[in-house]
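Q: My questions all concern the structure below.
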Amino acid sequence: MRSVPRRLALVVALAAIVAFPATAVANHSWNGYHWARQANPFVLKVGDNLSSSWKGYLKTAASDWSKSTVLDMTVVAGGSSNKQCRPTAGRDEVCNGAYGFNGWLGIAQVWVSGKHITQGTTKVNDTYFNTSTYNSSAWRQLVMCQEVGHTIGLDHQDENFSNANLGTCMDYTNDPDGGAGGASSSDPGNLHPNKHDYDELVAIYKHLDSTTTVGSAVASVADARWNAEWGREVARSAGGHVSTYVRDLGGENLVFTFVIWA
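Sequential numbering of the sequence shown, starting at -4, is according to this note's numbering.
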């Protein structure tokens, strides 16, 4: 029997998430994608292309993810000159801007070659964050922490917006700061990673690689800003609040786009 190409198998596997959405998953690696590196902990540079209103949230997210035993995240000067957030090989670029009422609150884009992440970007949409619904420190920290978390190989722990918080930014919620006003009067905030996130990173980065994509000079791929360039939607949460897209660049090169819809 003819084998299924890896890219097609991946799309089928991700599509299954749409058919069988999980409430909370025990393993929230997204298909084992990871930065190639030859030692742990490795240092991942994150480019700060943010306005002053966002810098503190990136600093907190980088500090939180650096509590992992397998990686240290360091914030450096951004390599993108505008809100389009062109990727830089071997690191993440983080940007904000008034991208318009286009539906998305935040997106993370991750370029992979084979099983290895080669570059990533995170964008947060000020058009929505400047509205009364989302203009709060809790919403800003949740989205920043989660989108940066995608760029190191993590998927969501939970995609139900209406249940009690798990206490991790990799959990979707309508009440990011937890407590009174949400599904539970005593649930925690979803503003930072939790132990399960750190345990999952240990599992993802347990084995070492013979090469490295961290800080490497692999040629960047043109930015994929607009919906039409995200490729095929391969996963959508119950209620349609979040989506995952994949764009095939040929060979084993793909771009994943994780979208939080406003």
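We put the beta carbon where it would ideally sit given N, CA and C, even for glycine.
1. Assuming residue 50 contacts residue 43 (C-beta within less than 8 angstroms), just tell me the rounded distance between them.
2. Counting beta carbon pairs with one atom in the region 138 to 146 and one in the region 176 to 184, are three or more of them shorter than 8 angstroms?
3. Give me the Cα-Cα distance between residue 62 and residue 203, rounded to the nearest whole angstrom.
4. Identify the continuous beta strand (DSSP E) that holds residue 150 and give its terminal residues.
5. Can you give the Cα-Cα distance for residue 111 and residue 52, rounded to whole angstroms?
6. How many angstroms separate the CA atom of residue 250 from the CA atom of residue 244?
7. What residue range does the beta strand (DSSP E) around residue 191 cover?
8. Kindly say whether residue 200, judged by its beta-carbon, lies nearer than 9 angstroms to any beta-carbon of chain C.
9. Quick check on DSSP: helix, strand or coil for residue 119?
10. For residue 85 and residue 113, I'd like the C-alpha separation in whole angstroms.
11. Kindly confirm or deny that the region 140 to 154 and the region 120 to 131 touch, where touching means at least three C-beta pairs closer than 8 angstroms.
12. Using a Cβ-Cβ cutoff of less than 6 angstroms, which residues in the same chain neighbour residue 248 once the five nearest sequence positions on both sides are dropped?
13. Tell me the rounded alpha-carbon separation between residue 39 and residue 81.
14. Would you mind listing the beta strand (DSSP E) stretches within the region 49 to 110 that are 3+ residues and don't spill past its ends, in chain order?
15. Expressed to the nearest angstrom, what Euclidean distance is found between the alpha-carbon atoms of residue 269 and residue 234?
16. With a 10 Å radius around its C-beta and 16 neighbouring C-beta atoms as the bar for buried, classify residue 118 as buried or exposed.
17. What does the alpha-carbon distance come out to for the pair residue 182 and residue 236?
18. How big is the Cα-Cα spacing for residue 87 and residue 180?
19. Using the Cα positions of residue 57 and residue 71, report the straight-line distance between them to the nearest angstrom.
20. Please name the residue in 208, 79, 198 whose C-alpha comes closest to that of residue 33.
21. According to DSSP, is residue 229 part of a helix, a strand, or is it coil?
22. Whose C-alpha, out of 74, 257, 193, 238, is nearest the C-alpha of residue 66?
23. If the criterion is Cβ atoms closer than 9 angstroms, does the pair residue 158 and residue 122 meet it?
24. State the start and end residues of the unbroken beta strand (DSSP E) segment that holds residue 252.
25. For residue 224, count neighbouring C-beta atoms within 10 Å of its own C-beta (all shown protein chains included) and say buried if the count is 16 or more, exposed if not.
26. Going by alpha carbons, who is nearest to residue 35 out of 68, 256, 172, 167?
27. Residue 244 by DSSP, collapsed to three states: which one?
28. From residue 167 to residue 198, what distance separates their C-alpha atoms?
A: Short version:
1. Indexing the sequence shown from 1 puts residue 50 at position 55. Indexing the sequence shown from 1 puts residue 43 at position 48. Sure, about 6 angstroms apart at Cβ, within 8 angstroms.
2. no
3. As a first step, residue 62 must be located in the sequence shown, where it is residue number 67. As a first step, residue 203 must be located in the sequence shown, where it is residue number 208. So the alpha carbons of these two residues sit roughly 19 angstroms apart.
4. Translated into the one-based positions of the sequence shown, residue 150 becomes position 155. Residue 150 -> no beta strand (DSSP E), and no H or E assigned at all.
5. To locate residue 111, count along the sequence shown from 1; it is residue 116. To locate residue 52, count along the sequence shown from 1; it is residue 57. For residue 111 and residue 52, the distance between alpha carbons rounds to 27 angstroms.
6. The sequence position of residue 250 within the sequence shown is 255, counting from 1. The sequence position of residue 244 within the sequence shown is 249, counting from 1. Roughly 7 angstroms separates the two Cα atoms.
7. For this step, residue 191 is matched to residue 196 along the sequence shown. No beta strand (DSSP E) holds residue 191; the alpha helix (DSSP H) holding it covers 190 to 199.
8. As a matter of chain content, chain C is missing from the structure shown, which is built from one protein chain.
9. Counted from its first residue, the sequence shown places residue 119 at position 124. Residue 119 falls in the strand class under three-state DSSP.
10. The count along the sequence shown starts at 1 and reaches residue 85 at position 90. The count along the sequence shown starts at 1 and reaches residue 113 at position 118. Each residue's alpha carbon lies about 5 angstroms from the other.
11. no
12. In the sequence shown, residue 248 corresponds to position 253, counting from 1. Same-chain partners within the cutoff: 108.
13. Position 44 of the sequence shown, counted from the start, is the residue given in the question as residue 39. Position 86 of the sequence shown, counted from the start, is the residue given in the question as residue 81. Each residue's Cα considered, the two are about 17 angstroms apart.
14. 66 to 72, 87 to 92, 99 to 108
15. The structure shown does not extend to residue 269, since the chain is modelled only from -4 through 257, so no value can be given for it.
16. Within the sequence shown, numbered from 1, the residue matching residue 118 stands at position 123. Buried is the call here.
17. Counting from 1 along the sequence shown, the entry for residue 182 is found at position 187. Counting from 1 along the sequence shown, the entry for residue 236 is found at position 241. Going by the C-alpha atoms only, they are around 21 angstroms apart.
18. For the purposes of this step, residue 87 is taken as residue 92 along the sequence shown, with counting starting at 1. For the purposes of this step, residue 180 is taken as residue 185 along the sequence shown, with counting starting at 1. Distance between the alpha carbons of residue 87 and residue 180 is about 36 angstroms.
19. The residue given as residue 57 occupies position 62 in the sequence shown. The residue given as residue 71 occupies position 76 in the sequence shown. Roughly 11 angstroms separates the two Cα atoms.
20. What you label residue 33 is simply residue 38 of the sequence shown in a count that begins at 1. Residue 33 has its Cα closest to that of 208, out of 208, 79, 198.
21. Here residue 229 refers to the residue found at position 234 when the sequence shown is read from its first residue. Residue state, collapsed to three classes: strand.
22. Counting from 1 along the sequence shown, the entry for residue 66 is found at position 71. For the residues 74, 257, 193, 238, the minimum Cα distance to residue 66 belongs to 193.
23. What you label residue 158 is simply residue 163 of the sequence shown in a count that begins at 1. What you label residue 122 is simply residue 127 of the sequence shown in a count that begins at 1. Not a contact, by the Cβ cut-off of 9 angstroms.
24. As a working mapping, residue 252 is identified with position 257 in the sequence shown. Residue 252 -> beta strand (DSSP E) spans 248 to 256.
25. On the sequence shown, position 229 is the one that residue 224 refers to. Residue 224 is exposed by the Cβ-count criterion.
26. Position 40 of the sequence shown, counted from the first residue, corresponds to residue 35. Ranking the options by Cα distance to residue 35, first place goes to 68.
27. On the sequence shown, position 249 is the one that residue 244 refers to. Note: residue 244 maps to strand in three-state DSSP.
28. Within the sequence shown, residue 167 is the residue found at index 172, counting from 1. Within the sequence shown, residue 198 is the residue found at index 203, counting from 1. Taking the straight line joining both Cα atoms gives about 22 angstroms.
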